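**Student:** Going from the sequence shown to the numbering used here is simple: count from 1 and add 761. Structure provided below as structure tokens; questions to follow.
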Amino acid sequence: MPHQNEFPSTDFARKARSPMADLDRVILAASEVALDRRKVMEWLEEPLAAFRGKTPLQLVAEGQADDLLAYIASVESGFVG
762 MPHQNEFPST DFARKARSPM ADLDRVILAA SEVALDRRKV MEWLEEPLAA
812 FRGKTPLQLV AEGQADDLLA YIASVESGFV G
């Protein structure tokens with residue numbers, strides 16, 4: 762049985778994270794790809810075809826930060842983008 766201060770599952774941990782913490786993770790990951798914070802801030806409001814036109818901000822608000830981070834990693838690797 763997990764200690765009372767530990768999250769018992771990754772699903773629970775994902776739900777317990779705040780949207781602001783997720784947004785911070787997304788900005789950090791995107792900054793590693795773009796290297797220009799101004800461009801990253803603009804990108805947060807750009808519709809993404811891979812997500813049916815939703816913006817990164819919408820995705821984070823809907824709890825899809827992990828999917829967005831996987832997308833960023835794919836772009837960084839040259840597979841998407």
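Positions of the beta carbon are idealized from the N, C-alpha and C atoms, including for glycine. As the structure is a prediction and not an experimental result, all values here were calculated from the model.
Within 10 angstroms of its Cβ, does Leu789 collect 16 or more other Cβ (buried), or is it exposed?
**Tutor:** Exposed, by the Cβ-count rule.
**Student:** Short of 6 Å in beta carbon distance, which residues of its chain neighbour Ser835, apart from the five on each side in sequence? Order them along the chain.
**Tutor:** Excluding residues within five positions, the ones whose Cβ falls inside 6 Å are Val841.
**Student:** Which of the three DSSP states is assigned to Leu796 in this structure?
**Tutor:** In this structure, Leu796 counts as coil in the three-state DSSP scheme.
**Student:** Measuring alpha carbon to alpha carbon, tell me which of Phe812, Gly839 and Pro817 ends up nearest Leu784.
**Tutor:** Of the listed residues, the one whose Cα sits closest to Leu784 is Pro817.
**Student:** By the three-class DSSP mapping on this structure, what secondary structure does Ala805 have?
**Tutor:** For clarity, residue 805 is Leu in the given sequence; the question names Ala instead. Here Leu805 sits in coil by DSSP.
**Student:** Given that a residue counts as buried once 16 or more other Cβ atoms are within 10 Å of its Cβ, and exposed if not, what is Leu796?
**Tutor:** Exposed, by the Cβ-count rule.
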